[in-house]
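For the sequence shown, position 120 (counting from the first letter as 1) is numbered 120 according to full-length UniProt numbering, and the numbering increases by one without interruption. Let me begin by presenting the structure, written as structure tokens, before commenting on it.
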Amino acid sequence: MLHVHSALLATALASLASLSHAQCPFADVGNLAARAEGLSSRSHLADFEVDDSEGYMTSDVGGPIEDQEVLTAGERGPTLLEDFIFRQKITHFDHERVPERAVHARGAGAHGTFTSYGDYSNITAASFLGEAGKETPIFVRFSTVAGSRGSADTARDVHGFATRFYTDEGNFDIVGNNIPVFFIQSAIQFPDLIHAVKPSPDSEVPQAATAHDSAWDFFSQQSTTLHTLLWAMAGYGLPRSYRHMDGFGVHTYRLVTDDGTSRLVKWHFKSKQGRASLVWDEAQHLAGKNPDFHRRDLWDAIAAGHAPEWELAVQVVDEEAAAAWDFDLLDPTKIIPEELAPLQPLGLLRLDANPANYFAETEQVMFQPGHIVRGVDFSDDPLLQGRIFSYLDTQLNRHGGPNFEQLPINRPVAPVRNNNRDGAAQNLIHKNTAPYSPNTRNKGYPRQAGRDEGRGFFTDPNRKIASDSSLVRRRPQSFADHWSQPRLFYNSLTPVEQQLLIDAIRFEVSHVSPDIQENVLVQLNRISHDVAVRVASTLGLDAPAADPTYYHDNTTAGLSIMGEPLPSIATLHVGLLASHRVNGSVAQATALKEAFAAMDVTAAVVAETMGHGVDSTYAASDAVAFDGIVATNGLDVLLASKAKSPLYPTRRPAQIVEDGYHWGKPIGYMGSSAAARVAEGDGVYAVDSVDALVDAFKQGLATFKFTNRFALDEES
Ligand code: HDD
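What follows is the structure in structure tokens.
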């Protein structure tokens, strides 16, 4: 029935979209088509949606009311206790919040569809991977880890990448990050890690940041953190957008086939937009200028019909071969280099619908690594084992009871039948009066499902534990090397990325106490003497003597972000600087905007005042808003060092170009504006025609960051 509804709506909107602009009763035909398409990926929520587009206001129990004045004893008298309308409204408001997530509080989500490329029953019994073209609704929530719900999107941090597949055999969640490794090896240390990176317990400072004593005290005392720390200090901590980052399941999981064959795997989500990152100075500006930068980017791209896409892939591991590797697959601080196990693509994720209500969908979605489906199983990774417990517990706390899985965003599309009963906010009316198993009163239903009946989970999951099964509180020796893979990561970056990583550590560690700085240098020195020396130079300290136990020159492919051009420039955003004082400038910017639109690149015309095709003013614009910047013909007038105007802060037009240049963005000068150019070189284009500019920017935007503008230590 639901499907009929949305199909009808989709058809109606599609036929509206096919009308010409003149015929259509709505202005934005393109968006209507996009909404119709998006609706299908969240159609399982349709039954729960509230449409207030008509009707009278009512109380929570349905009686029509007015709610703008309280009931008082006389016009100037006291408010009456009997005013049930007032009390209901205020009481509901007082209870509007649920506890924010203890970690990953700040985030944004979207709906979409996963499409399987093929029938993968040779590696898993999971039904959503059982057929080419099979579609499964999904919801993905992206997040930062440390900050509170209101913190800035561009804080340097690991980023959450949590995906729910609403499969026809139940919900499957991959609760991952944009970095393939984690700080600790055992879940029992998670509270320690989080207490160390969160703000200080006395002052609650700093917010959404790790440049403080407790974080680096923990990092330098707990060397398992070093690998993830290096990824976060590199571009992975500063993604350009949620759309421009990959996702990872982090742990080793298992896939199991119908005949019980089990293989170890790592989950990957590869961004079709490519990977791109900000530079730190830019990210800090953004935190003030636009703290919602990532949230808005995702929302706008989806609303404009540019659905972001990721390819789901797995590294399938041959367990016998893995036994010879010099790291343990159960250790979540390690990657499996792609040279050892290539990625096998499985299908495509496409996010094409924004939530209709942030709280109901994004805030109330409650992921759990324990949400698995037949065909997927766990490994003995001690971090994963602990997470399976923790997420259920945290959802009980956030929701206040055990019925959170009944919330629309959590409810599976597969039927739920069991003997769990009652509890706060029970939404269902169970009619079975024999809610126990085994029973005869309900003819034994709901029946037990197993591997061979009812497509249940495997009663015998074909997993073995180590033969030495005495109880211990210690980690295996195979988890003991915490320095070789951080070095592998560092070696695999370009020199500029290495420099930016070192600069990030310099920034962070400059904020911590001298004794902690010394401890940090000891750990960095185990990874690389060069890194330790370069960080020590900023701190005015001596690095320890080289400690070569873990030094090596190995590299692995696919880790550099800045070394590769973007596969697509669609939906990147260009600033077109114009002036009402220069004849033809706004017209030229408008022509550029149209030419960019033909390549699905969005652009904003900036001038002193709004009107006549201008999208933003210099008073409101900043280089952080743009992936590339173009000064139109004649703009040298505004860029000149003495140019002043009461319409914008001093030197704002020139500052936009200069900041854009220093942050590595492509810069275009049209005609005479080149007279005011900041510098020449790669990614700086002085041209005369719209066509030449757009042509140059195709390559410029794909390069994304012109890294030769960033200084290397040896050049200073
Ligand atoms: Fe966690 C949330 C990812 C280790 C305990 N975690 C949370 C979210 C993501 C991750 C993406 C946000 C989900 C959402 O959007 O709602 N966490 C990870 C990854 C880890 C990891 C990739 C290591 C591989 N986490 C981890 C450990 C524990 C937790 C070891 C506890 C033992 N994580 C939680 C939590 C959260 C959470 C406290 C907070 C809110 C929630 O679960 O739903 O239970």
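We put the beta carbon where it would ideally sit given N, CA and C, even for glycine.
Tell me whether the beta-carbon of residue i lies closer than 8 Å to the beta-carbon of residue j.
i	j	result
methionine 403	glutamine 426	The sequence shown places asparagine at residue 403, rather than the methionine named in the question. Contact: yes.
valine 694	leucine 576	no
aspartate 318	serine 241	no
alanine 132	glycine 118	yes
tyrosine 253	isoleucine 179	no
serine 672	glycine 700	no
threonine 167	serine 214	no
proline 438	glycine 444	yes
aspartate 542	arginine 526	no
lysine 266	glycine 249	yes
histidine 159	threonine 571	no
phenylalanine 626	glycine 660	yes
leucine 351	histidine 612	no
alanine 283	arginine 156	yes
Which two residues bound the contiguous alpha helix (DSSP H) that contains residue i?
i	result
glutamine 284	280–289
phenylalanine 219	213–221
tryptophan 325	First-last for tryptophan 325: undefined, no H or E at that position.
isoleucine 516	514–527
histidine 92	84–94
threonine 394	382–399
alanine 597	585–597
isoleucine 667	Counting along the chain, isoleucine 667 falls outside any alpha helix (DSSP H), though it belongs to the beta strand (DSSP E) covering 667–670.
aspartate 503	495–510
isoleucine 302	293–303
asparagine 491	484–491
aspartate 173	Taken as a continuous stretch (DSSP letters only), aspartate 173 belongs to no alpha helix (DSSP H), being part of the beta strand (DSSP E) at 170–177.
valine 637	636–639
Put residue i into one of helix, strand or coil per three-state DSSP.
i	result
proline 408	coil
phenylalanine 697	helix
isoleucine 614	The amino acid at residue 614 is misidentified as isoleucine; the sequence shows valine. Of the three classes helix, strand and coil, the one that applies to valine 614 here is strand, per DSSP.
tyrosine 648	coil
methionine 233	helix
proline 239	strand
glutamine 315	strand
arginine 534	helix
histidine 111	strand
proline 199	coil
proline 548	helix
valine 678	coil
residue 761	One cannot answer for residue 761 here, as it falls past the ends of the chain, which runs 1 to 716.
arginine 350	strand
glutamine 344	strand
Alpha carbon to alpha carbon, how far is residue j from residue i? Give it in angstroms, no decimals.
i	j	result
glutamate 608	serine 579	6 Å
isoleucine 184	alanine 232	14 Å
isoleucine 138	threonine 72	50 Å
asparagine 418	aspartate 381	30 Å
asparagine 122	leucine 229	37 Å
serine 148	lysine 642	43 Å
histidine 251	glutamate 66	54 Å
alanine 46	leucine 349	21 Å
serine 379	leucine 264	8 Å
proline 201	valine 605	46 Å
serine 186	phenylalanine 489	22 Å
glutamate 54	asparagine 171	35 Å
lysine 320	proline 486	The sequence given here has glutamate at residue 320, not lysine. When rounded, the distance between both Cα atoms is 25 Å.
phenylalanine 269	serine 537	38 Å
valine 601	proline 78	60 Å
leucine 392	aspartate 691	56 Å
proline 415	proline 345	30 Å
histidine 227	leucine 524	11 Å
Residue i lies in the beta strand (DSSP E); which residues open and close that run?
i	result
isoleucine 138	135–144
methionine 366	No beta strand (DSSP E) contains methionine 366, which DSSP labels as neither H nor E.
histidine 159	159–167
Inset, instruction - Please confirm if the region 463–472 is in contact with the region 523–533, defined as three or more CB-CB distances below 8 Å between the two stretches. - result: no
Inset, instruction - Please determine if the region 492–509 and the region 694–714 are in contact, where contact requires at least 3 C-beta pairs separated by less than 8 Å. - result: yes
Legend entry - Stretch-stretch touch, CB-based, cutoff 8 Å, three pairs: the region 605–624 with the region 633–649: yes
Inset, instruction - Tell me, please, whether the region 498–517 touches the region 245–263 by the rule of three or more beta-carbon pairs shorter than 8 Å. - result: The answer is no - the region 245–263 does not touch the region 498–517, with fewer than three Cβ pairs under 8 Å.
Inset, instruction - Inspect the CB distances between the region 556–569 and the region 273–290 and report whether three or more fall short of 8 Å. - result: yes
Legend entry - Contact the region 435–449 vs the region 159–178: 3+ CB pairs below 8 Å: no
Legend entry - the region 76–94 in contact with the region 58–65 per 3-pair CB rule at 8 Å: Output reads yes: the region 58–65 touches the region 76–94.
Inset, instruction - Count the C-beta pairs between the region 138–150 and the region 98–112 that are closer than 8 Å, then say yes if the count reaches three, no if not. - result: yes
Inset, instruction - Could you tell me whether the region 309–316 touches the region 277–284, where touching means 3 or more Cβ pairs closer than 8 Å? - result: no
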